[in-house]
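This report concerns only the one structure given below.
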Amino acid sequence: DRRADVWSFGCLLFEMLSGKPLFVGKDPKETHAHVLAKEIDWSLLPEGLPMAVWLLLRKCLRREVDRRLSDMGSARLDLEETIKDLEQAADHPESTYPWQGVSRRRTGSMLVASVSALCLGAWIAWFGKPQPTLPDVPLPQLVKLPLYLTRSQNASQPGDRIHFLSMSPNGKNLVFRDAYGLWNQPLDRLASPVLLTRSRTQESFWAPDNTMVAYLEGNKLYGHPVDGGARFYICQVPGDHLPNHGGGAWREDGTLLFNTGDLGLFEVAWPLQAGEAPQLKLGVSEKDDNFHQASALPGGKGVVFVNHRRHKTVDTLSLWTEATGKRDLLTLPGQDLAHPVFCSSGHILFSIARSDMQGIWAFPFNANTLQRTGDMFQVTQSHGSGLSVSRDRNLVYAASESERGEVRMTLLSSTGLLNQNVEGNLFRESIGGFQISPDQKRLLFQVSDPLGGDVWMHQFTSGASSRITRMGDVHEKWAPLWLDNEQFVFNRWGEQGVSAWKGSLNAGGEDAFLSDGLAVALSRTGRYLIIQGMPRWGQHTLMDFSQAPPSANEFPAHLSDAWSPKISHDDTLMAFVSGEQQRDDYVYVTEFPSFEKRYIVNPQTRGTHPFWHPSKRILFFVDSQAGKLMSVTFDSSDVSFSEPKELLTLPSNAVMGDMHQPYTLDLLENEQENQFVMLEGNLPSQKPNAALTPDAILVQNWYLEFLSRSQEAE
6 DRRADVWSFG CLLFEMLSGK PLFVGKDPKE THAHVLAKEI DWSLLPEGLP MAVWLLLRKC
66 LRREVDRRLS DMGSARLDLE ETIKDLEQAA DHPESTYPWQ GVSRRRTGSM LVASVSALCL
126 GAWIAWFGKP QPTLPDVPLP QLVKLPLYLT RSQNASQPGD RIHFLSMSPN GKNLVFRDAY
186 GLWNQPLDRL ASPVLLTRSR TQESFWAPDN TMVAYLEGNK LYGHPVDGGA RFYICQVPGD
246 HLPNHGGGAW REDGTLLFNT GDLGLFEVAW PLQAGEAPQL KLGVSEKDDN FHQASALPGG
306 KGVVFVNHRR HKTVDTLSLW TEATGKRDLL TLPGQDLAHP VFCSSGHILF SIARSDMQGI
366 WAFPFNANTL QRTGDMFQVT QSHGSGLSVS RDRNLVYAAS ESERGEVRMT LLSSTGLLNQ
426 NVEGNLFRES IGGFQISPDQ KRLLFQVSDP LGGDVWMHQF TSGASSRITR MGDVHEKWAP
486 LWLDNEQFVF NRWGEQGVSA WKGSLNAGGE DAFLSDGLAV ALSRTGRYLI IQGMPRWGQH
546 TLMDFSQAPP SANEFPAHLS DAWSPKISHD DTLMAFVSGE QQRDDYVYVT EFPSFEKRYI
606 VNPQTRGTHP FWHPSKRILF FVDSQAGKLM SVTFDSSDVS FSEPKELLTL PSNAVMGDMH
666 QPYTLDLLEN EQENQFVMLE GNLPSQKPNA ALTPDAILVQ NWYLEFLSRS QEAE
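Residue numbers (my numbering): 6 to 719.
This is the structure in structure tokens:
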């Protein structure tokens, strides 16, 4: 297997950098045992090792074969780019070192030059002559129990992942949300999930007696018994802003501490007395953007949550209690942290996505002093979203994309028939949006794998696809937008946060920085770029590149709820949906770029995913309730428009993505017949003898299982 060569090369580079053998024993038998199970001691590497080298080693020394670099050709390209990056880094010697708790240190150009020379030596040593190979080494795994959460046929579709898992403290019930609503799955008996509410809710959290959960729907907090009883109103969040995240702690005395995302943490006593209102306990500061996925600390002392730092990434775990106030526990610059939960084993577990560190991690935590007491360690390499832990240490998490299936791009006729697949029978693990070029000849799309994401280009005439960006030290490059037929705009997720960049299809072209924030829409003329996240996430800014330097103006107040904006081909109209949480399920249009008025396009239907015809004033959108593709035709000179017209019913396995991934439909215009490009989910029947993919994974007493597996490995 060529991936064994990658392992051998990683061992060679590690030994050259550390000066010590990676695996050594008293005899060949013990050495082989160390190869199979011994943890790699990253502390042997020199202090100040640049991130690019560390990432290359991580990619080569993955014991899980399908997570390792695929062959030495990939390793060679990565090493060449690493050497180039090191040469450029001599003048900018600031790096981040994950094995040291991710602290920032200064390194001199001498160290960078030395490391560069060692990497060059490894390149010559390896590629100059054949190398022996080592056997593939499996990574000891936790025993995972798959959960198949069978909902009604209308409730789910391929790609419709479950979110916001919340297991009751006694481990007998699991509440989760999908695109259809909020469900409760009994875990102590054979039973199907029960639909609690057909509403879009935020993260739920349990009452201490295990009988009910609380959750935010819109700006109202509800309690809901899980035994079939009706839900009840608790309180309303002050102000007009809609919460965009949730979670919290329901204490024994009846008070609830709950998260709202942009507004911060609130506390309310239940039942609410007349005239009382929730009290703000922790507001979002100028350094923070919002709080994500709050979960309870023991005894209801407070909550642990993810802190999205303003203009940065979702990279900090924090806690709040009345006694300590806000306290940061862990910061991993550039990483995507999620779902922190306290476990009675004395740990806080959390997940990392979008990078070489992907997986479920934990660190020791003292529940009395509320302090982190040790280094983080990896529990499993599966990217588990929606983590939840019961009192007896059972761990549950939503299955990752690789455990649930794959997607591919498909051409859909104007009558709703699947014509052909864009890349033949190739299924990708995940596609994070795509867009057809202005000349209608090529397609830009983003492909994600366990290590991150890059931008690819497909040629419709030849049927060939090629990768046009390489991650390097950036964990994700995604959501590509065509600037013209030779240039494109894409987003980078790295240590400096989320930012928009301009790339070129020409060989040797350098990427150019455009703006902080997330590029979500680009006009066909290339003049206007809409950025989300400036001045903060959830708010949009219009950049005009006809001016030097480009001007940046925030959207007016009456468009503060605009989401998923799209600009018409002639730069005269902008379509959008209302609110991050689809406040009223309407599609709107406004004059562009004046933004003077807004008009409801679909007053009788629910709507998402608006996109424009490439050469006409025709707007398409999805009736999300009926699963139909609709169109609206606009007058040639003003904002007068027709009634929504049904074009076709989308296939049952169409994957719509979410509000952060709006480019999952586009129109390919040609003389014979216009076709729509869509994402198609991989149905079990499309794979011969394919096994069902689970919705979630359960690990019973994760810490005991983790310790026993570690001892077996030793």
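Using N, Cα and C, we set each Cβ at its ideal position, and we do this for glycine too.
The model shown is predicted, which means the values in this text are computed figures rather than measured ones.
The segment 215-233 contacting the segment 253-262, beta-carbon criterion three pairs below 8 Å:
yes
Closest residue to Met579 among Lys650, Cys348, His618, Pro555 (Cα-Cα distance):
His618
Three or more C-beta pairs closer than 8 Å, one from the segment 320-331 and one from the segment 563-573: is that the case here?
no
Using the Cα positions of His97 and Glu500, report the straight-line distance between them to the nearest angstrom.
Here the model assigns His97 a pLDDT of 45, short of 50, so the residue's position is not dependable, and the following value carries that caveat. If I take the Cα positions, the gap works out to 14 Å.
Curious, which full-length beta strand (DSSP E) runs of at least 3 residues does the segment 598-657 contain?
603-605, 613-617, 623-628, 633-638, 650-654
Buried or exposed for Ser573, going by 16 or more other Cβ atoms inside 10 Å?
buried
Report the three-state DSSP secondary structure of Val148 (helix, strand or coil).
coil
Rounded to whole angstroms, what's the CA-CA distance from Pro213 to Leu285? Just pull it up for me.
22 Å
Is Tyr153 helix, strand or coil when you go by DSSP?
coil
For Lys292, which three-state DSSP category applies?
coil
Nearest-angstrom Cα distance between Thr577 and Ala524?
19 Å
Taking the Cβ atom as the reference point for each residue, do Leu337 and Ile353 lie within a distance shorter than 9 Å?
no
What's the C-alpha gap between Phe355 and Asp444?
45 Å
Tell me Cys348's beta-bridge partners as DSSP assigns them.
His352
Taking Tyr604 as the reference, which of Ser629, Thr202, Glu648, Val70 has the closest Cα?
Glu648
Would you list the residues sitting across from Val463 in a DSSP beta bridge?
For the sequence presented, residue 463 should be read as His rather than Val. In the DSSP output, where bridge partners are listed per residue, His463 has Leu448, Ser470.
Determine the direct distance from the alpha carbon of Arg532 to that of Ala553, and round the result to whole angstroms.
12 Å
Indicate whether Leu187 and Leu201 have their beta-carbon atoms separated by less than 9 Å.
yes
By Cβ distance below 7 Å, which residues in the same chain neighbour Gly223 in space, the five residues on each side in sequence not counted?
Leu247
Under 8 Å from any heavy atom of the ligand NAD, does the C-beta of Phe368 make it?
Here there are no bound small molecules, and the ligand NAD is not part of this structure.
Assigned secondary structure, Asp10 (DSSP; H/G/I helix, E/B strand, else coil):
helix
Using the C-alpha atoms, what's the distance from Ser23 back to Leu41?
20 Å
How many angstroms separate the CA atom of Glu596 from the CA atom of Arg529?
16 Å
Using only the alpha-carbon positions, how far apart do Ala196 and Gln190 sit?
7 Å
Quick check: the Cα distance between Phe28 and Gln386, rounded to an integer number of angstroms?
22 Å
Residue environment, His563, which counts as buried when at least 16 other CB atoms sit within 10 Å
exposed
Tell me whether Thr466 is buried or exposed, calling it buried when 16 or more other Cβ atoms sit within 10 Å of its Cβ.
exposed
Can you give, in chain order, each stretch of the beta strand (DSSP E) that sits fully within the segment 218-286 and has at least 3 residues?
225-230, 237-241, 253-255, 260-264, 270-274
Enumerate in chain order the residues of its own chain whose CB-to-CB distance from Ser565 is below 8 Å, with the five nearest sequence positions on each side excluded.
Gln544
When you compare only the Cα positions, how much space is there between Pro230 and Trp506?
48 Å
Residues near Arg409 by beta carbon distance below 7 Å, same chain, minus five either side:
Reliability of the predicted coordinates at Arg409 is poor, the pLDDT of 46 falling under 50, and the value obtained from them is presented with this limitation in mind. If we look at Arg409 and ignore the five residues flanking it on each side, its Cβ neighbours are Arg166, Thr698.
Beta-carbon proximity check, Ser395 vs Gly252, cutoff 9 Å:
no
Endpoints, the beta strand (DSSP E) within which Arg332 is located:
330-336
Here's the rule I'm using: 16 or more other beta-carbon atoms within 10 Å means buried, otherwise exposed. How should Thr378 be labelled?
exposed
For the beta strand (DSSP E) containing Thr202, name the first residue and the last one.
199-202
Using the Cβ count rule (16 or more neighbours within 10 Å means buried), how would you classify Lys650?
exposed
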